[in-house]
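Here is the structure we will look at.
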Amino acid sequence: MADNENALRAMQNCFHSQFSVDEAEYEDIEENRRTSVEEDSIYLGCTLSQSFNPDIHHSPVIKMGWLHKTPPQGTLVFQKRWVMLDAQYLRYFQNEKEVYSKRIIAILSVTKVLNVGGQKFEVVTRNRTFLFRAENNTVREEWVSVLKETIQQHCNSMEKSLMNSSDTCGQRASRVSLISKQGYLEMSGLRSKLYVVICADSVFLCRNAEEHSQGVGITSIEMNLGAVKGTDKRSFNLTTIYRTFSFVAESEQQREQWVEALQACVSHSLSSNAVAQKIWSEEANQRCADCGAPHPDWASVNLCVVLCKCCAGVHRGLGQSVSKVRSLKMDENAWTENQLFLLLGNDKVNLFWAANIPPSEMLCPSSDSEERQRFVTAKYCQGKYRCYHALFGQQEALNKALCNTIQTGDVLETLSLVFCGADVNCYTGDPELPSPVSVAQHYGQTLQVEFLTHNHNTELPGSRAGDHTILEAALPISHTGYLFKTASSTRAVTERKSKGDFSRRWCSLNQGNFSYYESEKSSSQSGQMKMSDVLCLVVNPQGKHGYGHSFELYHDSGRVYLFGEDSPDTVREWIKVIGKALVPPVAEDLVGWSFERVGRLRYTAGQSFHCPCLGWFSLGGSRLLLLLHGEDQVDNIDLRKLQELSMEQEAAAVVLVDRGRRLRLEGDRRPDYQGWLSGIQQGLGRGDGPLDQQQLTETEVPVIVDRCISYITQHGLKSEGIYRRCGVNSKIAALLLSLRHDARQVRLSEGVCQVDNVANVLKRFLREVGEGVFNGHQASLPWLHTTTVSERERVSQYKALLHSLPPVNRATLGAVINHLYCVQCFADENQMNMHNLAIVFGPTLFQTDGTDNSAGQVVEELIQNYQDIFNVNAEQLQRQLDMISHVIKAQEEHAEEGTPSPLTICGIYLERKEEGSELLVQISQAVSAEELVCEVLRRGNIPPQQGDYWSCFLVNDNQEMERPLHYQERALAIYFSLGKDCHLVVKRNCYMEAMLIYIAAMVDVSRNSMIKFSDEKGQRGKRTFSRRLCVLDGTSLRLYKEVKSTQPERECQVHALKVYYGIKKRLQPPSCWGMTVVCEQAERDKQQWYLCCESKNELIKWLATFMNLQVVSFCVTETYSTFLSSLFDFFFSFSFFI
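In structure tokens:
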């Protein structure tokens, strides 16, 4: 039988931590405390959100399952308990989700296990007998067998240990010394005191000292997941990630002793010298890289320096974006590999970081905190003492050198390149291995991969200086008050948090630091975060959590903080001040509205996905506000009008195309990315929502309506009984479902979709859409009542009612009535006059049952008075009808010829973009730009004149640029690719005659000269144009930094070039004779080069050379002389090209 000493010895067994805990995990959590005091146990209620994971306890679980047990004093009432056995203890819990047991029995205190019949068995200790009952005899036998085997193994182990010991007393003293403190404490929620024992890295709770001596207790608390903090003169809290234990000591002195002992217990449980000893095996790592203090036990994993505790504190204050600090002793699991520190060492790394330190500025171990702050900031934030790389300031050369170096094992050279400006996310030029990380992985350079991964989002030295303040909020914001918060987590908060999950904290925002305390009177912080390290602020919907109003903060470390309050005014004020402290002053518009989330994201613009920048974004409903890198004004994207949205699942990125602009937002494996993605998807428009929540065209008409009307206009205006005939119900339902899911992705094509099915889809959508076209039943009543007034007054009333509709409803009604007006113009063929259309669309638009004739009468009068009510120009309407007639005639001609061709109506401007200059032209996929020009001139009745050179230009209004299309380019493909601010216009090419003259006199099809150049990289407002030698020949366009240079700075193949006349005015070009060259050599490698000439004559020569070479590339089968002859014949026939 085990004696008291054996029981005590069992209670003293402790486990070594296998968890890595950051300071941010020590959150203050107040749980609902249920107190169920029984004779044999005390219930410490704390459940997990998922099934209990037995790995929480250090010893492996031998057996666990449900058993029934009786409480003491002989009662026969069995209670169901979840029982768990490991090599050290037998525990039982209220249920399988509980973390803390109701009872814990040391295995060495168990004397025997007995079968007592009726599926029951007894676990007998020296002074207690615990009776359990299994579900059946088989289960009982399993438990009895396992318990006996476990007890025997433990006894054998103890005997062997004693036999090998030469000093039994010494052994006992050693074991007893594991107990650092024990005694009675009051615990909040309980009537009686508990006997608390701090043993090694665990805390045991017992009912009294006698129980403890017998090897029986209530529960044990693993301190590797704990934090200790004093709350009052005699009270203190022991906080784990599962619950908070509140204790009261007998005196203030006793409280200090308990807090000190518990904190030592936490440190002991987290400490491990294995990593530190291994890193110290490199002699250079035995002293701090900054101050030289011996045995540094911290390190910055991205800066590759080993640090002492004092310097590490300063590094931590710089933020995760500058220095990612880890403990060598407490963060053991974070050190899966430490070969990088063994390869480099502090001495080698300081050859870069500390190459130029003046003796007067050097730190020593005794330096004060102010000196350390000044030195560390200068060394790592400003890069003041670093050894500048020979390629410093040459971005492209640095990136190229980085891509070469990571193929080798020279990590020190990589460090030098990266912290002198090389982009760790740059494009390598290889589509198969697009990033430096992928290149390093390909060449098996694991240390290079580790270094690049740690520096994926690191701020480079000097990036916080100067005028670039994208990460800084310059305005000093301060605010204080009480909020309720939950424990921080590493995942987005998706489940509902009850009020019991929150604890009240005094919060303070001051000078860019957000801190929270136990109470207003507390002097020590419970937690703190820099606003510069906050990635995103999320405002939750009302009622999402137990407190009615709440918000979340996503930290750069990957942790998520949830705060709440019942007062909407309190939360609104906090959101306001946090938002202002979060964003830079130039981006204040991002937080000046009812946003749902605001924060910074990495993005790439255009097709060049390998040069990510940092931008600020604010999302709410269907609006996405953004401030991009280098911009000084907030832009606005209406998500309902996006041209395209696509997800890259593997890369965790989303691509938005808006008005021809392409933005790729990167997730960076952040917990808030899914929230951004979900918010953007919801803002796109819902097919089951009202009109203003639908996907919209630029004219604010739902895409569903626009697609159906366009299809019927092209293929169904002469269909007899259109809108009165029934289609196939199953096909109608399927087509409407796909349109509601994502209308932009649905293409209605002839032969696949029947006209009657599409017509019924339009009617069904208008009948079922939320609130209807007239914005609800109540809003539609005044429309119906107009039928009772005189005919003169109706039109004016209709106008007033139309003006009162929301913009989307007004635009939708206008589009539908315009379509019905066009349908009735072909009543001779389709038999659908105004009255017949009104019978169909009256109940549809007003969403009535058709018994009231007022709806039909209103619709008929809207069609009849369409021009007056909707203020439509008669000439413009006639031009539309002529275009429709032309389309129908062309289709009939194709049908007669037996060669049906899918045609599309395109709006092309003649000479300039202005009202009345747009011509609607029907073209097919095969129509070239040359044929389009000829058709537009014919439609515009413009006879050819000698010396006129007409071209079709792609014009970008925002960027003040235009490009004459090559005469063989397919016009429809160009038309479909147009953004909101782009259009096609057929006009005279003012440069063409001079270019032809120059081409005729050319001897060599090439050109080279000095030219002023700038590119799209690193935009920060005003751009600097620098002189470059520009060489253009039959193969490529090359830019040389100097005339003597042998290697081009930039190069692009001729076939990949597109030349635009003009340069954006905001770039402030040095002259008005400029051109923009777009180089697109690969799908994701698109660059814009800005070339500025000194005279008009020089510009014409360059444009002529570009045109000449590119036309030759289209006509490679011809000799140059034959081509030149045909070229002149072609142009003197009044066509166009480039």
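Oh and the sequence shown: position 963 is 963 in my numbering, straight run, nothing missing. Beta carbons: idealized from backbone N, C-alpha and C, even for Gly.
Helix, strand or coil at residue i [DSSP, three-state]
i       : result
Gln153  : helix
Gln94   : coil
Gly466  : Caution applies to Gly466, whose pLDDT of 37 falls short of 50 and renders its modelled position unreliable; the model cannot decide the point.
Gly558  : coil
Ile62   : strand
Asp635  : strand
Lys530  : strand
Ile104  : strand
Met362  : coil
Pro843  : helix
Ser928  : strand
Pro1070 : coil
Anticipated Cβ contact below 8 angstroms, residue i with residue j, distance rounded
i       : j       : result
Lys485  : Tyr561  : 7 angstroms
Val1077 : Leu1029 : That pair is no contact at about 15 angstroms.
Leu1140 : Leu343  : The question about residue 1140 has no answer, for the chain in this structure spans 1 to 1138.
Val933  : Val986  : 5 angstroms
Leu762  : Trp783  : The pair is not a contact, with the Cβ atoms about 20 angstroms apart (cut-off 8 angstroms).
Val936  : Leu954  : The Cβ separation is near 14 angstroms, so there is no contact.
Gln695  : Gly685  : 4 angstroms
Ala1056 : Cys1079 : 6 angstroms
Cα-Cα separation, residue i to residue j
i      : j       : result
Glu565 : Gly842  : 50 angstroms
Ala264 : Cys199  : 11 angstroms
Pro702 : Thr812  : 7 angstroms
Phe130 : Lys120  : 10 angstroms
Asn989 : Glu962  : 11 angstroms
Gly558 : Thr1024 : 39 angstroms
Phe247 : Ser498  : 24 angstroms
Lys181 : Ala261  : 7 angstroms
Glu771 : Pro690  : 6 angstroms
Gly687 : Gln745  : 13 angstroms
Gln525 : Thr480  : 14 angstroms
Phe502 : Thr244  : 12 angstroms
Met647 : Lys69   : 55 angstroms
Cys310 : Pro358  : 21 angstroms
Gly500 : Met187  : 19 angstroms
Where the alpha helix (DSSP H) containing residue i begins and where it ends
i      : result
Tyr866 : 866 to 869
Pro568 : 568 to 582
Tyr967 : First-last for Tyr967: undefined, no H or E at that position.
Gln373 : 369 to 376
Lys485 : First-last for Lys485: 478 to 485, but that is the beta strand (DSSP E), not the alpha helix (DSSP H).
Ser213 : 209 to 213
Range covered by the beta strand (DSSP E) that runs through residue i
i      : result
Cys536 : 534 to 539
Pro943 : Looking at the DSSP string, Pro943 is not in any beta strand (DSSP E), and its letter there is neither H nor E.
Glu396 : Per DSSP, Glu396 belongs to no beta strand (DSSP E); it is in the alpha helix (DSSP H), 395 to 405.
Own chain partners of residue i with C-beta closer than 7 angstroms, once the 5 adjacent residues on each side are dropped
i      : result
Leu391 : Ala397, Leu398, Ala401
Asn208 : Tyr195
Ser367 : Cys291
Glu860 : Met834, His835, Ala838
Cys364 : Cys291, Gly292
Cys381 : Leu318, Val322, Pro461, Arg464
6 angstroms CB neighbourhood of residue i in its chain, flanking five on each side removed
i       : result
Val124  : Thr111, Lys112
Gly940  : Leu910
Lys1041 : Glu1049
Ile999  : Ala1104, Asn1108
Ile105  : Leu90, Val216
Neighbourhood of residue i by C-beta distance below 8 angstroms, restricted to the same chain and skipping five residues each side
i       : result
Asn757  : Gly727, Val728, Lys731, Ile732, Leu735
Asn513  : Gln528, Met529, Lys530, Met531
Ala971  : Cys906, Ile923, Val927, Ser928, Ala929, Glu931, Leu932, Cys952, Leu965, Leu984
Ile1167 : Since the displayed the chain opens at 1 and closes at 1138, residue 1167 lies outside it and no answer follows.
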